[in-house]
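Trainee: No gaps in the numbering here: position 97 of the sequence shown is 108 in the numbering used here, and each next residue is one more. Virtual Cβ for every residue (Gly too), placed ideally from N, Cα, C. One structure is given below, represented as structure tokens, and several questions about it will come after.
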Amino acid sequence: MAYSMTDDEFESCVSDALENIPRQLLDMMDNVAVFIEDRYQPQPGEDPSTSLLGLYDGVPLTERDDGWGAGALPDRITIFQEDTLAACSSREEVIAEVQITVVHEIAHHFGIDDETLHRLGWG
């Protein structure tokens, strides 16, 4: 079922997904960097077979206070290439999954939780 794609092709899918985000939302994002990594590495105590397509690591805008930001590292949105390709069987599926994943992780930056995202169809 896994689809094969070069690193450059996958990076292009992620770039296109970001370009599809309305400019107004992108302008509201604060101190966020987007990365592509090969594969999700499960954390200690986590099921070693855990696979993620994307991950938001940071402090959502809804949880930041006046003291946040001085010297803060950027929040990270990571898209996992091998995990995404393993879940897809066509280029079209990859494009759709990357778009959903990018929207999902950006939503976490805005403080939207998984339950809400799943209910809205962005799970």
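If you draw a straight line from the C-alpha of VAL70 to the C-alpha of ILE88, how long is it?
Mentor: So the alpha carbons of these two residues sit roughly 11 Å apart.
Trainee: In whole angstroms, give me the CA-to-CA distance for PHE91 and ASP58.
Mentor: Spanning the two alpha carbons is a distance of roughly 17 Å.
Trainee: What does ALA107 pair with, by DSSP beta-bridge criteria?
Mentor: The partner list for ALA107 (beta bridge, DSSP) is empty, contrary to what the question assumes.
Trainee: Among LEU66, ASP68, ARG50, TYR67, whose alpha-carbon lies nearest the alpha-carbon of SER60?
Mentor: Per the Cα distances, ARG50.
Trainee: In its own chain, which residues sit with a C-beta less than 7 Å from the C-beta of CYS24, not counting the 5 before and 5 after it?
Mentor: The answer, listed in chain order, is VAL105, ILE106, VAL109.
Trainee: Of the choices GLN35, LEU63, MET40, whose alpha-carbon is the least far from that of GLU93?
Mentor: Here the closest residue by C-alpha is LEU63.
Trainee: Can you tell me whether LEU84 is buried or exposed, with buried defined as 16 or more other CB within 10 angstroms of its CB?
Mentor: With fewer than 16 other Cβ atoms within 10 Å, it is exposed.
Trainee: Could you give the uninterrupted runs of the alpha helix (DSSP H) lying entirely in the region 15-95, keeping only those of 4 residues or more?
Mentor: Taking only runs of at least 4 residues, the alpha helix (DSSP H) segments lying wholly in the region 15-95 are 18-30, 34-39.
Trainee: Could you tell me the boundaries of the alpha helix (DSSP H) in which ASP124 lies?
Mentor: Neither: ASP124 is in no alpha helix (DSSP H) and is coded neither H nor E.
Trainee: Beta-carbon separation of VAL113 and TRP133 under 8 Å?
Mentor: No.
Trainee: Hey, ASP86 and ASP68: beta-carbon distance below 8 Å or not?
Mentor: Going by C-beta atoms, ASP86 is nearer than 8 Å to ASP68.
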